[in-house]
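Trainee: Just passing along the structure, written as structure tokens.
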Amino acid sequence: MAYVVRAIPLNKNFRAFAVECKDIVETVRKLQALSPIASAALGRALAGVALLSADLKTGKILLQINGGGPLGEILAEGNWKGELRGTVKNPHVYLEIKSKKLPVGEAVGKKGFISVVRDLGLKEVYQSSSKLVSGEIAEDLAYFLTVSEQIPSAVSLGVLVGTDGSILAAGGFLIQKLPEAKEEEIAELEKILKNFPSITTLLSQGKTPEDILRMLFSEIKILERRELKYKCNCSQERVESMLVALGEKELEDFVKKKEPVEVICHFCRKKYVVPLNKVKAILEKLRNKS
Ligand SMILES: [Zn+2]
């Protein structure tokens, strides 16, 4: 079962989060027929958003990555209930693998932005973004948090894809410095991080998120353990309200063709059909408004 933990190290001034989400990445891989490189990139984004949303009490967080690479835009969303969903524009990209590591940075690209949208169910939605530094996602997220949100952060994210394309391991951790952290505490952590094994190595060895945080800080206090699941919140209602946004012109075309509107959700691949009479009714409403 995928889950994220939120912890504080004892006698040290950091916040720590770690996630294990293999099952979720495997679910999305099957749903969207992701190529290995697409699984790796979207899986990292999902692990990242799981870490970011681990302390939400309400609302949701959307992580958007657009680096101009062959994968196109990556979206990953997490909410306060531990529900995650995600999608990648071009899920069937295959790149030549020159080393053991999948070339995620190349597939994502680095000419673009990473942005985080916080929708806490209030009137306003908060969005901030920063430039991509490598397209590897973990580095980009660390840079975003440190520069754009001004919380010095270390991020590790990883997805291990098997030779048959299935997901063998996925997860990550996030460490954030509290303002009270002393120089020597930071130096000590940096030293540990420098020679720290990769997250996929640790998860493949059967290490849990709690184990990984204990390797970083000898003693930790777990504040919360939150189960995660892949869940999409699309519905017939949402699809119909999306049609309103298409506008009169597009809807007129559907009516002329005498075709019901078919919409496939990008996140869960569920198919929705809006019957012709419903399309006509929506169009009628739009016309009366204008
Ligand atoms: Zn959906």
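According to numbering that gives the first Met the number 0, the stretch in the sequence shown is residues 0 to 289, in order.
Note that beta-carbon positions come from the ideal geometry of N, C-alpha and C, so glycine has one too.
From what residue to what residue does the beta strand (DSSP E) around P8 run?
Mentor: The residue you call residue 8 lines up with position 9 of the sequence shown. Taken as a continuous stretch (DSSP letters only), the beta strand (DSSP E) holding P8 covers 2–8.
Trainee: Leaving aside the five residues before and after W79 along the sequence, list all residues of the same chain whose C-beta is less than 8 Å from its C-beta, in chain order.
Mentor: Locating residue 79 in the sequence shown gives position 80, where the first residue counts as 1. Result list for W79: S52, L55, K56, T57, G58, K59, in chain order.
Trainee: Using 10 angstroms around the beta-carbon of E76, count the other beta-carbons present and answer buried if the total reaches 16, otherwise exposed.
Mentor: Your numbering for residue 76 matches position 77 in the sequence shown. Per the 10 Å Cβ criterion, buried.
Trainee: In whole angstroms, give me the CA-to-CA distance for G108 and K284.
Mentor: Sequence index remark: in the sequence shown, residue 108 carries index 109 (1-based). Sequence index remark: in the sequence shown, residue 284 carries index 285 (1-based). Spanning the two alpha carbons is a distance of roughly 43 Å.
Trainee: Would you call the stretch 206–218 in contact with the stretch 166–186, where contact means no fewer than 3 C-beta pairs closer than 8 Å?
Mentor: Flag = yes, the stretch 206–218 and the stretch 166–186 touch.
Trainee: Jot down the residue ranges of each uninterrupted beta strand (DSSP E) in the stretch 56–84, minimum 3 residues, whole runs only, in chain order.
Mentor: Listed in chain order, the complete beta strand (DSSP E) runs (minimum 3 residues) inside the stretch 56–84 are 59–65, 73–78.
Trainee: Look up Q235 in the DSSP assignment and say whether it is helix, strand or coil.
Mentor: As a position in the sequence shown, residue 235 is number 236, starting the count at 1. Of the three classes helix, strand and coil, the one that applies to Q235 here is helix, per DSSP.
Trainee: Which of helix, strand or coil does DSSP assign to L292?
Mentor: Only positions 0 to 289 of the chain appear in this structure, which leaves residue 292 out of reach.
Trainee: Under a three-way DSSP split, which group does A53 fall into?
Mentor: By one-based count along the sequence shown, residue 53 stands at place 54. A53 falls in the coil class under three-state DSSP.
Trainee: Just the C-alpha distance for T162 and V24, rounded to the nearest angstrom, thanks.
Mentor: For the purposes of this step, residue 162 is taken as the residue at position 163 of the sequence shown. For the purposes of this step, residue 24 is taken as the residue at position 25 of the sequence shown. Cα to Cα, T162 sits roughly 16 Å from V24.
Trainee: Output needed for K193: all residues of its chain with C-beta closer than 8 Å, excluding positions within five of it in sequence on either side, in chain order.
Mentor: Counting from one through the sequence shown, the residue named residue 193 turns up at place 194. Once the five neighbours on either side are set aside, K193 has no close Cβ partner at all.
Trainee: Going by C-alpha distance, which of G85, G71, Q149 is nearest F266?
Mentor: Within the sequence shown, numbered from 1, the residue matching residue 266 stands at position 267. Comparing Cα positions, the closest option is G85.
Trainee: Within the same chain, show all residues whose beta-carbon is closer than 8 Å to that of E226, passing over the 5 residues directly before and after it, in chain order.
Mentor: Taking the first residue of the sequence shown as 1, we reach residue 226 at position 227. Cβ neighbours of E226 beyond the five flanking positions: M0, A1, Y2, G81.
Trainee: Out of K88, V87, E148, point me to the one whose CA is closest to V116's CA.
Mentor: In the sequence shown, residue 116 corresponds to position 117, counting from 1. With distances taken between Cα atoms, V116 lies closest to E148.
Trainee: Heavy atom of ligand 1 less than 6 Å from the Cβ of K88, yes or no?
Mentor: Here residue 88 refers to the residue found at position 89 of the sequence shown. Outside the cutoff, so no.
Trainee: Terminal residues of the continuous alpha helix (DSSP H) containing E25?
Mentor: As a working note, residue 25 is residue 26 in the sequence shown. Its alpha helix (DSSP H) spans residues 21–31.
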